[in-house]
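Asker: Here our numbering is used: the first residue of the sequence shown is 5, the next is one more, and so on.
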Amino acid sequence: MRSTACSAWVNRATDKEFLFLTGDLGYSALEPLRERLGDRFINAGVAEQNMVSVGAGLAIEGMNVWIYSIAPFCYARPFEQIRNDICQHRLPVKLVGNGGGYGYGAQGASHHALEDYGALLTLPGMRAFVPAFSVDVEEIVDRMHQIDHPGYLRLGRCEQPPGQEVEAFSPWRRLVRGGGISVIVVGPLAGSFWQHMLSMTESTRPDLWVLGELPVTDISNMPPALLSNIVANGLCVVEEHGLQGSVGQQLAALLMGGGFTPRQFLHCYAQGYPSGTYGSQSFHRRESGLEPGQVMEALGIAP
Numbered sequence: 005m006r007s008t009a010c011s012a013w014v015n016r017a018t019d020k021e022f023l024f025l026t027g028d029l030g031y032s033a034l035e036p037l038r039e040r041l042g043d044r045f046i047n048a049g050v051a052e053q054n055m056v057s058v059g060a061g062l063a064i065e066g067m068n069v070w071i072y073s074i075a076p077f078c079y080a081r082p083f084e085q086i087r088n089d090i091c092q093h094r095l096p097v098k099l100v101g102n103g104g105g106y107g108y109g110a111q112g113a114s115h116h117a118l119e120d121y122g123a124l125l126t127l128p129g130m131r132a133f134v135p136a137f138s139v140d141v142e143e144i145v146d147r148m149h150q151i152d153h154p155g156y157l158r159l160g161r162c163e164q165p166p167g168q169e170v171e172a173f174s175p176w177r178r179l180v181r182g183g184g185i186s187v188i189v190v191g192p193l194a195g196s197f198w199q200h201m202l203s204m205t206e207s208t209r210p211d212l213w214v215l216g217e218l219p220v221t222d223i224s225n226m227p228p229a230l231l232s233n234i235v236a237n238g239l240c241v242v243e244e245h246g247l248q249g250s251v252g253q254q255l256a257a258l259l260m261g262g263g264f265t266p267r268q269f270l271h272c273y274a275q276g277y278p279s280g281t282y283g284s285q286s287f288h289r290r291e292s293g294l295e296p297g298q299v300m301e302a303l304g305i306a307p
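(1) Identify whether residue 8 lies in helix, strand or coil by the three-state DSSP scheme.
(2) Does DSSP put residue 137 in a helix, in a strand, or in coil?
(3) Could you check what DSSP says for residue 155 in three-state terms: helix, strand or coil?
(4) Are the beta-carbon atoms belonging to residue 292 and residue 230 less than 8 Å from one another?
(5) Can you tell me whether DSSP reads residue 31 as helix, strand or coil?
(6) Looking only at C-alpha atoms, which of 96, 100, 200 and 153 sits nearest to residue 77?
(7) Would you call the CB atoms of residue 193 and residue 118 closer than 8 Å?
(8) What is the C-beta distance between residue 104 and residue 159, in whole angstroms, given that I count them as a contact (C-beta under 8 Å)?
(9) Is residue 20 buried or exposed, if buried means 16 or more other CB atoms sit within 10 Å of its CB?
(10) Below 8 Å, how does it come out for the region 208 to 228 and the region 246 to 257: are there three or more Cβ pairs, yes or no?
(11) For residue 190 versus residue 116, is the C-beta spacing smaller than 8 Å?
(12) Under a three-way DSSP split, which group does residue 117 fall into?
(13) Output needed for residue 280: all residues of its chain with C-beta closer than 8 Å, excluding positions within five of it in sequence on either side, in chain order.
(14) Quick one: grab the DSSP three-state call for residue 162.
(15) Hey, residue 259 and residue 266 are a contact pair by Cβ (cut 8 Å); roughly how many whole angstroms apart?
(16) According to the neighbour-count rule (16 or more other Cβ atoms, all chains shown, within 10 Å of its Cβ), is residue 263 buried or exposed?
(17) Just checking: is the beta-carbon of residue 236 within a distance shorter than 8 Å of some beta-carbon in chain C?
(18) Any heavy atom of the ligand MG inside 7 Å of the beta-carbon of residue 113?
(19) Whole angstroms is fine: what's the gap from residue 38's alpha carbon to residue 23's?
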């Protein structure tokens with residue numbers, strides 16, 4: 005998704021107030037943007053706290069600031085500066101974290117982001133965008149470019165099934181129509197569930213939705229078809245994020261507060277490191293029970 009995001013930023017390079025900061029990352033992806041922006045592309049070095057504070061200062065001066073790093077270095081290392089310098093002032097600084105969840109695989113916990121949107125959404129004015137597919141990225145960049153408050157873009161690896169067309173980005177999209185439980189997946193993980201469900205009959209397979217914008221704060225913004233099926237057939241939320249601050253928690257509280265009781269509820273989330281070892285993104289997903297087959301088994305749905 006990085007290259008797609010880079011193209012979207014290049015298209016906005018004519019905006020003289022657009023300024024991009026990177027924490028010495030983005031090689032083999034952001035070079036076209038560096039060439040177009042010139043001195044408005046700043047390599048701040050391995051100094052993420054300073055980079056965020058500088059970005060906040062530039063935003064106060066009227067610049068349209070985007071800050072890039074791999075996800076944990078984007079939100080965890082400079083969290084104090086994001087909280088105090090950006091969010092307490094409601095500055096429209098956009099944070100971009102590449103490799104959300106277990107995206108950096110065997111590089112281990114220091115390079116994983118299992119708490120990113122949960123932690124950031126506790127801050128004033130913050131909104132998070134989690135594209136599921138590469139084709140979502142340009143529309144999301146457009147939306148973030150226009151908002152007047154802080155934003156976080158969580159990039160990952162596109163897992164769109166071959167030959168399948170994706171509807172234009174919106175916060176809620178149905179990927180597969182089914183007669184069973186509603187399954188809501190956050191971000192790129194949705195692609196593997198889409199692929200898995202293509203071989204299942206419509207009457208027995210889950211009703212698959214992907215969520216791409218957070219937080220979910222108003223039940224009236226949920227699609228009526230999704231809400232009615234949740235009540236009738238239940239809800240399963242799947243996300244490559246830890247339990248605390250998760251979408252599963254948000255949706256459970258929202259539904260209960262609105263008087264909606266799902267027939268069944270299952271929340272599948274990142275479990276950390278059950279075996280105490282590191283491996284690929286797929287390895288960590290399997291350890292957390294996030295693979296489609298594992299979720300179907302937990303739901304009692306035959307393969």
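All C-beta atoms, glycine included, are put in the ideal place defined by N, C-alpha and C.
Answerer: Let's see:
(1) Position 4 of the sequence shown holds residue 8. In this structure, residue 8 counts as helix in the three-state DSSP scheme.
(2) Translated into positions along the sequence shown, residue 137 becomes position 133. Here residue 137 sits in coil by DSSP.
(3) Walking along the sequence shown from the start, residue 155 turns up at place 151. Strand.
(4) Here residue 292 refers to the residue found at position 288 of the sequence shown. Here residue 230 refers to the residue found at position 226 of the sequence shown. No, the pair does not count as a contact, with Cβ atoms beyond the cut-off.
(5) What you label residue 31 is simply residue 27 of the sequence shown in a count that begins at 1. Coil, per DSSP.
(6) Residue 77 sits at position 73 when you count from the first residue of the sequence shown. Of 96, 100, 200 and 153, the residue nearest in Cα terms is 100.
(7) Translated into positions along the sequence shown, residue 193 becomes position 189. Translated into positions along the sequence shown, residue 118 becomes position 114. Against a cut-off of 8 Å, the Cβ pair of residue 118 and residue 193 comes out as no contact.
(8) Numbered from 1 along the sequence shown, position 100 holds the residue referred to as residue 104. Numbered from 1 along the sequence shown, position 155 holds the residue referred to as residue 159. Contact holds; Cβ gap of about 7 Å.
(9) Here residue 20 is taken as the residue at index 16 of the sequence shown, counted from 1. The residue in question, residue 20, is exposed, as its Cβ has fewer than 16 Cβ neighbours within 10 Å.
(10) yes
(11) In the sequence shown, counting from the first residue as 1, residue 190 sits at position 186. In the sequence shown, counting from the first residue as 1, residue 116 sits at position 112. Against a cut-off of 8 Å, the Cβ pair of residue 116 and residue 190 comes out as no contact.
(12) What you label residue 117 is simply residue 113 of the sequence shown in a count that begins at 1. It is a strand residue.
(13) The residue labelled residue 280 in the question sits at position 276 within the sequence shown. So no residue of the chain qualifies.
(14) Residue 162 sits at position 158 when you count from the first residue of the sequence shown. Residue 162: coil per DSSP, three-state reduction.
(15) Numbered from 1 along the sequence shown, position 255 holds the residue referred to as residue 259. Numbered from 1 along the sequence shown, position 262 holds the residue referred to as residue 266. That pair is a contact at about 6 Å.
(16) Counting from one through the sequence shown, the residue named residue 263 turns up at place 259. Exposed, since its Cβ has fewer than 16 Cβ neighbours within 10 Å.
(17) This model lacks chain C altogether, as it is built from one protein chain only.
(18) Absence of the ligand MG from the depicted structure is noted, as is the absence of any ligand whatsoever, leaving it without description.
(19) Indexing the sequence shown from 1 puts residue 38 at position 34. Indexing the sequence shown from 1 puts residue 23 at position 19. For residue 38 and residue 23, the distance between alpha carbons rounds to 10 Å.
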